[in-house]
Amino acid sequence: MMKIGIIDTGADVTHKRLSSHRISGITVLKDETGSIGFVADRFADQKGHGTGVASIVLQHVPEAELFIVKLEAAVGGVTEEMVEKGIRYLLEKTDVRMINISMGIKTNTPSFGLQQICSDAFYKGVVIVAAVHYLHNKLCYPAHFSTVIGVGQGVVDSKYKFRYLENKLADVLAKGGLQRVAYPGNQFRFSVGTSLATAHFTGILADAFNKGLWNDRENLLRWIKHNASADIISFTKHDMDISGLKKSGMSEITETEVVAALRPKCSGKAIAIFPFEEKEMKSILEFHHLLPYQLTLAIGYPRSLKIDNTVAMMEKLNIRHLFGQPEENDLSSFDTIVIGYFLDKLLDQNSYFGYTLIRNCVLKQKNFIVWDKYVYDLIWSVIKETGTEYRGEVFLTAFTAAHKEKLYSLMEYDRLTVPSICVVGTNSKQGKFTTQLVLRQILETNSYKVAHLSTEPQGIILGAEFAFPIGHQGTVETDIRDWNKSLRLLTQLMERKRQPDVIVTGSQGCIIPRHPMNDSNAAEMLSFVKAFYPDALVCAISPNDTIDFIMKTVEVIKAYVKCTVICFVLTPWEYHLKVNSLNQMHVYYKRLQDEEYLEKLNYYNERLPAPTFNIMDAKNHGRILELIQQTFSIN
9 MMKIGIIDTG ADVTHKRLSS HRISGITVLK DETGSIGFVA DRFADQKGHG
59 TGVASIVLQH VPEAELFIVK LEAAVGGVTE EMVEKGIRYL LEKTDVRMIN
109 ISMGIKTNTP SFGLQQICSD AFYKGVVIVA AVHYLHNKLC YPAHFSTVIG
159 VGQGVVDSKY KFRYLENKLA DVLAKGGLQR VAYPGNQFRF SVGTSLATAH
209 FTGILADAFN KGLWNDRENL LRWIKHNASA DIISFTKHDM DISGLKKSGM
259 SEITETEVVA ALRPKCSGKA IAIFPFEEKE MKSILEFHHL LPYQLTLAIG
309 YPRSLKIDNT VAMMEKLNIR HLFGQPEEND LSSFDTIVIG YFLDKLLDQN
359 SYFGYTLIRN CVLKQKNFIV WDKYVYDLIW SVIKETGTEY RGEVFLTAFT
409 AAHKEKLYSL MEYDRLTVPS ICVVGTNSKQ GKFTTQLVLR QILETNSYKV
459 AHLSTEPQGI ILGAEFAFPI GHQGTVETDI RDWNKSLRLL TQLMERKRQP
509 DVIVTGSQGC IIPRHPMNDS NAAEMLSFVK AFYPDALVCA ISPNDTIDFI
559 MKTVEVIKAY VKCTVICFVL TPWEYHLKVN SLNQMHVYYK RLQDEEYLEK
609 LNYYNERLPA PTFNIMDAKN HGRILELIQQ TFSIN
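Taking my numbering, the leading residue of the sequence shown gets 9, the next gets one more, and so forth.
Structure, rendered in structure tokens:
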């Protein structure tokens, strides 16, 4: 027969509802000094709550043996550490198969220790059933851990009935309405709440186990789903779906599924890119050695805009390129095409060219990786229009509400043990993404394992674990107020999946506006850095920047994030403001001559509190590595 652990206020074993049953227990005692210890064979109930809970469980399984863990604090209330120690004692010192916790700690940031012990119980096969908060919109632990079944209060006409909730605030609704329960001193009291519902559900599960209806986690979930009643409602709103507040306590979402949703599946294959003139594609060409694909073809606009030295770069790298529609041989050379922001260019010939290219690729069952939502929608329109039985993948580099929900269903807040670096900047066109890739190369060349969270969409095919695309045509769909939690969980998933030595990311644009009237996205970039909360910064600067503006950028970040500056990196591109023929102000960039650039480097090195480097000069990479090692003590 099953042994059940009950963590509560104790139990009055002399009560007529309990006296004929097998009940033993201990007290977890926090004394006046805050020290926590165990008192053997003492668990009398002075408050009455635990006695009522135990009596309800025994209504369902009178043959069960109970082990009571009484939580008692000489000063203050019950803490997470006390609950953790109670669970640990049951796992290590008893052979309980289920644990009932008709209580919880109201918090938005549960302790790592409590989360870990609940996870240990889950993987050991011990089922924890815990009460959600009586207020439907408050988080309460351990009920809201994915490894615990959280029980809410429902309107139930029978103590044997329950409702299973999928992706809702509680996992289960059970009988929590007004009912008569045992109370110390052979008395009874009327009571109500999620505590009673939890005890009923524990009893229901224990009875089913004793009857051989389930014997492991998978069978348990199937049994719950099959035997749940759909007609139970909750006047206390415990069946509400409050998006992002909690994750499903009996989630079937796996880490593999979450990772697969955030990454393209078509890895290790041959790819083409279009249009190669865009800056995102240029970084792919420049760092093509980081691709997990073979880059076989680069396609440009038929009416090419500004291509700089891109063609010369591709010729040097022996990458085939063309400015027209690919012929049959070209189409057969790749199975995945990466498409950029070609709809941004309001030139009919180029737009129609992109449409025709998409159509031809759909007919040839090519996979697509895109980072423009409009292009993504266009591809699906073409698939529908052609009537093709399309069997490929159309992957949009994005962080959507659906991704967030999957992530929230898998993870809880945890502490990060890996140091992190964020590349920030004072302006645009400073090579912040290039800096991230070079930092990766510096570290990886020296045998460090790096996990990369990219805010540029092309990062997802250049070795980044995940992308969180902000900035131009950003595809982060979650509310900016959710970024703290979303980014923390993403980095936790990166740490778990990759087990890196360092995590690298970077913002886009500027952190603070140079001119307040031009503050288009600075708040978004600062929000990203605040949410990511890096341990250290690498700050990209421009030749025009004043020392005051650079330091103000760093100080604003430090007002929110406790971090250090490893170094500064200087772009050779100097920006200028120019008034066009329509009397509109716009920015153009001019590259400094080598002598001018060195002069600027010396200027900043003499005045800034950390060294300034040309990060593209490999001679500086050894010194940059030393600074990173000194910052994190990772020699």
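Backbone N, C-alpha and C fix where the C-beta goes; we use that ideal spot for every residue, glycine too. All of these numbers come straight from a predicted model, not from anything done at the bench.
- The shortest CA-to-CA distance from A236 to any of F198, G193, K167 is the one to K167.
- Inter-residue distance for G467 and F474 is about 8 angstroms (C-alpha atoms, whole angstroms).
- The three-state reading of DSSP puts A306 in strand, counting E and B together.
- Secondary structure of W231 (DSSP, three-state): helix.
- DSSP places Q67 inside the alpha helix (DSSP H), whose first and last residues are 57 to 68.
- The three-state secondary structure of H23, taken from DSSP, is coil.
- With fewer than 16 neighbouring CB atoms inside 10 Å of its own CB, K24 falls in the exposed class.
- Burial state of T59 is buried, judged by a 10 Å Cβ sphere holding 16 or more other Cβ atoms.
- Considered as a whole, the segment 535 to 592 harbours 544 to 549, 572 to 578, 581 to 587 as its complete beta strand (DSSP E) runs of no fewer than 3 residues, in chain order.
- For the segment 405 to 467, the full-length alpha helix (DSSP H) segments reaching 4 residues or more read 409 to 418, 440 to 453 along the chain.
- Linking F342 to F282 through their CA atoms gives a straight-line distance of about 13 angstroms.
- Rounded to the nearest whole angstrom, the C-alpha separation of P118 and H296 is 43 angstroms.
- In the structure shown, Q187 adopts extended strand secondary structure according to DSSP, grouped into three states.
- Contact annotation: F75 and T102 have beta-carbon atoms nearer than 7 angstroms.
- The C-beta distance from P300 to G332 rounds to 28 angstroms, too long to meet the 8 angstroms contact threshold.
- Judged by DSSP secondary structure, E323 falls within the alpha helix (DSSP H) whose first and last residues are 318 to 325.
- A Cβ-Cβ contact shorter than 7 angstroms links I377 with F403.
- The Cβ atoms of K437 and Y597 sit closer than 7 angstroms to each other.
- Looking at the DSSP output, E80 sits in a beta bridge with L37.
- Taking the Cα of E420 as reference, the smallest distance to any Cα among C148, L303, F557, H68 is reached at C148.
- Boundaries of the alpha helix (DSSP H) around N368: 356 to 371.
- Ranked by Cα distance from G308, the options P272, D224, S359, A269 are led by S359.
- Inclusion of D16 and V83 in the CB contact set at 7 angstroms is not warranted, their separation being larger than that value.
- Rounded to the nearest angstrom, the gap between the Cα atoms of G185 and D490 is 34 angstroms.
- Relative to the Cα of V140, the nearest Cα in the group D215, V65, M248 belongs to M248.
- Remark: C-beta atoms of T35 and E80 approach each other more closely than 7 angstroms.
- Of K287, L221, T210, K132, the smallest CA-CA separation from G13 is found for T210.
- Collapsing the DSSP output to three states places R328 in coil.
- Proximity of the segment 542 to 561 to the segment 480 to 489 falls short of the contact definition, fewer than three beta-carbon pairs being nearer than 8 angstroms.
- A distance below 7 angstroms separates the beta carbons of E288 and G348.
- Judged by DSSP secondary structure, F198 falls outside any alpha helix (DSSP H) and instead within the beta strand (DSSP E) spanning 195 to 199.
- Rounded to the nearest whole angstrom, the CA to CA distance from E226 to H152 is 19 angstroms.
- A distance below 7 angstroms between beta-carbons, with the five flanking residues on each side excluded, links K273 to the following residues of its chain, in chain order: E401.
- Non-local C-beta neighbours of T408 in its own chain, meaning closer than 6 angstroms and more than five positions away in sequence, comprise E485, ordered along the chain.
- As computed with DSSP, S32 is found in a beta bridge with F75.
- In this structure, the straight-line span from the alpha carbon of I107 to that of R631 is close to 55 angstroms.
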